[in-house]
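Its first residue numbered 1, the sequence shown is counted upward by one per residue in this note's numbering. This report concerns only the one structure given below.
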Amino acid sequence: MMALQALPQNVIPIEVEDLPSIGIDTWFAALVNGATQVMFAASQRMPETIIRVLTAEVAQAQTLLEQLGLNKSTIEILYLESLRQGPPELITQDLGLRLGDMQGNKRERLFASLDALAQQYPIDTPVTTLPEGAPFGEVKCDTDKCTLCMSCVAVCPTRALHHHDGDVPNLSFVEQDCVQCGMCEKACPENALSIQARFNWDQESRQAPQTLHQEQPALCLRCQKPFAPQSMVDMLQDKLRGHSHFSDETSLRRIAMCEDCRVIDMFESMADDPTQQLKY
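Set out below in structure tokens:
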């Protein structure tokens, strides 16, 4: 704290438990409520993990600031050891925003701050590429590989990936909800998904559901009810062909039936030939 006394009176020190405990949402919330700069009073003697986490998040923030045409030092780490060489560069430009009390969770507050800055300082490029590991970005889907098995939807922690109700199998994505955790990539059995860290400044497209893939459903061979993506049925028939439980065309055709007709067909087959039950 003695070192901070060398700073001008308009620098307001705020003590926190851990520097990384105050996240990027709070930094930008300060900037859209009258602060002209956010600095972190750090020390080279701090644990390496804290310095690494803080440096990475500050780098992400500075990338966004530069895209807005603002001085990247608007968010900066101030190592107290450097004060021996003189006072730091202070940013005094008022950003002209006073959003007041901000509602929502951390992510919603961050997007509200960035959207306000983007309106105040229009940018030419709608998308900013961010370093790998940034919690913003898109998911890409190779539609030639995707079978719409929905493994990715099952593991997505934020429901950025989801399925719209209806008869047409589909995979939808909301970019604003994606935290780039990579769980969808790992869960996909077909290696059809990839993630790309970026920030989309177009609020409308960032918040709107995008259809990554959809296809016509397979119709049950018996009742014609739509029940699954056609590509999934084809994939299962190809992979199970030759398996002891699917050694004949009747068993393979059963894969292309809905859950009800599949059971009916099995019992009809056993009624015609009771020895068939030994295979089930």
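C-beta atoms are modelled at their ideal positions from N, C-alpha and C, and glycine is treated no differently. Bear in mind the structure is a predicted one, so any value in this text is a computation, not a measurement.
In the DSSP assignment, the beta strand (DSSP E) including residue i goes from what residue to what residue?
i, result
"VAL38", "38–42"
Below 9 Å between beta carbons: does that hold for residue i and residue j?
i, j, result
"MET39", "ILE77", "yes"
"VAL32", "LEU90", "no"
"ARG206", "GLN180", "no"
"VAL155", "LYS186", "yes"
"MET150", "HIS163", "yes"
"ILE264", "GLN237", "no"
"SER43", "LEU80", "yes"
"CYS258", "CYS220", "yes"
"ASP167", "PRO226", "yes"
With residue i as the anchor, note down where its alpha helix (DSSP H) starts and where it stops.
i, result
"CYS152", "151–155"
"SER113", "106–120"
"THR250", "249–255"
Alpha carbon to alpha carbon, how far is residue i from residue j?
i, j, result
"ASN170", "ARG159", "14 Å"
"GLN120", "GLU17", "33 Å"
"ILE195", "THR74", "29 Å"
"LEU70", "ARG45", "30 Å"
"ALA111", "LEU240", "Correcting the residue type first, residue 111 is Phe in the shown sequence and not Ala. About 47 Å."
"LEU130", "PHE199", "7 Å"
"CYS223", "CYS261", "7 Å"
"LEU64", "PRO88", "22 Å"
"GLU268", "GLN230", "25 Å"
"GLN93", "THR36", "6 Å"
"VAL53", "LEU19", "9 Å"
"SER244", "ARG253", "15 Å"
"ARG109", "GLN62", "18 Å"
"LEU97", "GLU215", "46 Å"
"GLU57", "ILE50", "11 Å"
"GLU66", "THR125", "12 Å"
"ALA41", "LYS72", "17 Å"
"ASP234", "LEU95", "57 Å"
"CYS188", "MET270", "36 Å"
"PRO217", "PRO157", "27 Å"
"CYS141", "THR250", "34 Å"
"ALA228", "ASP248", "22 Å"
I'd like the list of long-range same chain contacts for residue i, defined as Cβ closer than 7 Å, with 5 residues on each side in sequence excluded.
i, result
"GLN203", "ASP115"
"LYS106", "GLY23, ASP25"
"MET232", "THR147, LEU148, CYS149"
Please work out which residues of its chain come closer than 6 Å, Cβ to Cβ, to residue i, disregarding the five sequence neighbours upstream and downstream, and give them in chain order.
i, result
"GLU132", "ALA197"
"VAL174", "ALA160, PRO209"
"LEU117", "LEU68"
"ALA134", "GLN60, ALA197"
"THR143", "HIS213"
"VAL127", "ARG198, ASN200"
"PHE136", "PHE199"
"PHE246", "LEU240, LEU252"
Spatial neighbours of residue i within its chain, please: CB distance less than 8 Å, with the 5 preceding and 5 following residues excluded, ordered by chain position.
i, result
"LYS363", "Because the chain here runs from 1 to 280, residue 363 falls outside it and cannot be looked at."
"PRO8", "PRO87, LEU90"
"GLY182", "ILE195"
"GLU138", "PHE173, GLU175, CYS178, ILE195, GLN196, ARG198, ASN200"
"SER113", "ASP25, PHE28, ALA29, LEU31, VAL32, LEU99, MET102"
"GLY242", "none"
"THR55", "ILE77"
Nearest chain C C-beta to residue i closer than 9 Å, yes or no?
i, result
"GLN214", "Included in the structure is just one protein chain, with no chain C present."
- prompt: Which parts of the region 187–230 are runs of the beta strand (DSSP E), unbroken and 3 residues or longer, counting only runs that do not cross its ends?
  reply: Runs found: 193–200, 210–214, 217–219, 226–229.
query: Which full runs of the beta strand (DSSP E) of 3+ residues lie inside the region 130–186, going along the chain?
result: 137–141, 170–173
- request: Return the chain-ordered ranges of every alpha helix (DSSP H) run that is complete within the region 22–100 and spans a minimum of 4 residues.
  value: 24–31, 48–67
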